[in-house]
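Step one of this worksheet: look at the structure below.
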Amino acid sequence: MWNGKPRPVGRQILERALILLLVVGLPAAFLAGAYLTPLSQEASAGISCVLNTQGAAARDVDFAPFWRAWQIIDQKYVGTATTTATSSNSETDPNARLWGAISGMVDSLGDPYTVFLPPTEKKVFDADIKGSFGGVGIELGVRDRILTAISALEGTPAKRAGVQPGDKILKVDGVSTERMISERAVTLIRGEVGTSVVLTLYREGVTEPFDVKLTRAIIEVPTLETKTLPGNIFVISLYNFSGKSDALFKDAVKKFTASGSAKLIIDLRGNPGGYLDAAVDVSSWFLPAGKVVLREQIGPQRQEQIYRTTHAGISMRGVRMVILIDEGSASASEIVAGALREYGVATLVGERSFGKGSVQELAPVTKETSLKVTIARWLTPLGNSISKEGLTPDITIIPTPEDIKARRDVQMERAVSFLLNGR
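Structure, rendered in structure tokens:
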């Protein structure tokens, strides 16, 4: 548990593993301190007022070059957008410069999940947007420093328009997304229900980037669905690890055991993750009590915390299980898939997962800004990391453009074939 609530994991510790361009509310963040380094008299020359100079100075860091650069900008910079003779260098916003400096410092870490949120982006976390804003149903991530569509949710504008996992989002309404953090992209893509947004996408196998026009809508996200396929194959499709997923998954497991089936498919495709507790609970249904589900390395000292199954699972004797994964399977999905495979309970079918094995905390810097910082990394029960590389399925099945156009689910077909034929 985390401050009395289930603890989320993934791209954001505050909402979901990946940013969903949906209608969501946002819980409160952790509290943390912020420090500014004292200035030397020489370095601070030309700066009219410096506040909050008390604090912990960074060790072995000379900030004189920073303040020298600040001074040079004050004295010499002429903006390229200056159009009148009366414009002056004093018109440059010092706060914008400060936010840019912090962003540059954070960017130097090379971690796409550790980001500084200036005032505009922070509003994404603070606003109560229930019923006021619409989304397009895309789950966003950052891969190789490029804004990427992780998946398009079923029944959403993005899904109907054919947005696919792995599509690179180059522009939003003509605005380049180069070096844009996901939170900034959300502010551009989200908007009033019924209005439209144009995304410029690049897709592997397509020669040129292309535009997709989407109409924003209120999006209802299902948590879980079940069905039975021919051959008495029971399917549990889990779309996220929310606060409701524990109870819903328990009911689904009861339906599975009552069905008398010995063949189970858990579909985690397009599932961006969510609450850590939910991932541990789902895994617990298929493992003995006390088994390690996740190893978490916390802080610079990599202190290890181990998460174990919370209850005894159902009998898996004679049961064959397949877990479906793809590029949209991230974070909590990878926890479940990785653990159940390593214990020999499940076979993974589909495509390589996203590769999100870290936890972020939101720490306030000022009243208007925050820092989302990676505080922990997690490993599978055997100590394997899935960060960046993701989970490689035991049976790789990549849909062709023809499969997608024909709406043929070749990954599900392969999972069914494996359960029926044993190979």
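The sequence shown begins at 168 in this note's numbering and counts up by one.
C-beta atoms are modelled at their ideal positions from N, C-alpha and C, and glycine is treated no differently.
Note that the structure is predicted; figures quoted are calculated from it, not measured.
Whose C-beta lies closer than 7 Å to the C-beta of residue i among residues of the same chain, with five residues either side of it excluded?
i    : result
A328 : V379, L381
G522 : I553, S554, K555, E556, G557
V486 : A429, L431
I473 : V459, R462
P389 : Y406
I305 : L188, A316, A319, A325, V330
V309 : P279, T315, S349
So, with DSSP's three-state summary, where would you put residue i?
i    : result
S496 : coil
A456 : coil
P232 : helix
L515 : strand
R351 : helix
S554 : coil
Q578 : helix
L320 : coil
I542 : strand
R383 : coil
P568 : helix
L507 : helix
D378 : strand
L586 : helix
I336 : strand
R484 : coil
A328 : coil
K523 : coil
K394 : strand
E501 : helix
Leaving out five residues before and five after residue i in sequence, what residues of the same chain have Cβ atoms less than 6 Å from its Cβ?
i    : result
S428 : N399, F401
S363 : K380, T382
K338 : T367
I403 : T393, A419, I433
T395 : F401
G246 : none
G541 : Looking at the sequence itself, residue 541 is Thr, so the reference to Gly does not match. Only D278, Y280, T281, S525, Q527 meet the Cβ criterion.
E371 : none
Please check if any C-beta of chain C sits within less than 8 Å of the C-beta of residue i.
i    : result
T541 : Among the chains in the structure shown there is no chain C, since it carries only a single protein chain.
Can you give me the Cβ contacts of residue i inside the same chain, cut-off strictly under 8 Å, excluding the 5 residues immediately before and after it?
i    : result
Q578 : R436, L491, D493, V516, G517, E518, I564, P566
M483 : F453, V512
Nearest CA to the CA of residue i: which residue from the options?
i    : options                : result
E509 : T547, T533, G333       : T547
I385 : G301, R581, L587       : G301
V489 : V503, M272, F408       : V503
T559 : A530, G457, A497, W266 : A497
D340 : G333, E350, T354       : T354
W545 : G589, P232, K422, L443 : L443
D408 : K422, K421, G440       : Per the sequence presented here, residue 408 reads as Phe, with Asp not at that position. Here the closest residue by C-alpha is G440.
Y369 : G333, S584, L307, Q464 : G333
F230 : V583, N262, M272       : M272
P376 : T533, N438, S275, I336 : I336
D311 : R484, R346, R590       : R346
A499 : A530, D448, V532, S537 : D448
Verify the contact flag: residue i, CB atom, against every heavy atom of the ligand SAM, threshold strictly below 7 Å.
i    : result
P560 : In the structure on display, the ligand SAM does not appear, and there are no ligands present to speak of.
Hey, is the segment 472-480 in contact with the segment 450-462, meaning 3+ C-beta pairs nearer than 8 Å?
-> The segment 472-480 makes contact with the segment 450-462: 3 or more CB pairs, one atom from each, lie closer than 8 Å.
Within the segment 259-318, ranges of the beta strand (DSSP E) (whole runs, at least 3 residues) | If we require 3 residues or more, the beta strand (DSSP E) runs fully inside the segment 259-318 come out as 282-284, 305-310.
Can you give, in chain order, each stretch of the beta strand (DSSP E) that sits fully within the segment 410-474 and has at least 3 residues?
-> Whole beta strand (DSSP E) segments, 3+ residues: 430-434, 459-465.
Does the segment 410-424 touch the segment 391-398, meaning 3 or more C-beta pairs lie closer than 8 Å?
-> Cβ pair count under 8 Å is three or more, so yes.
Using 8 Å as the Cβ pair cut-off and three pairs as the minimum, do the segment 282-289 and the segment 315-330 touch?
-> Taking a contact to require three or more Cβ pairs closer than 8 Å, the segment 282-289 and the segment 315-330 do not qualify as touching.
Three or more C-beta pairs closer than 8 Å, one from the segment 277-287 and one from the segment 463-470: is that the case here?
-> At 8 Å Cβ cutoff, the stretches do not touch.
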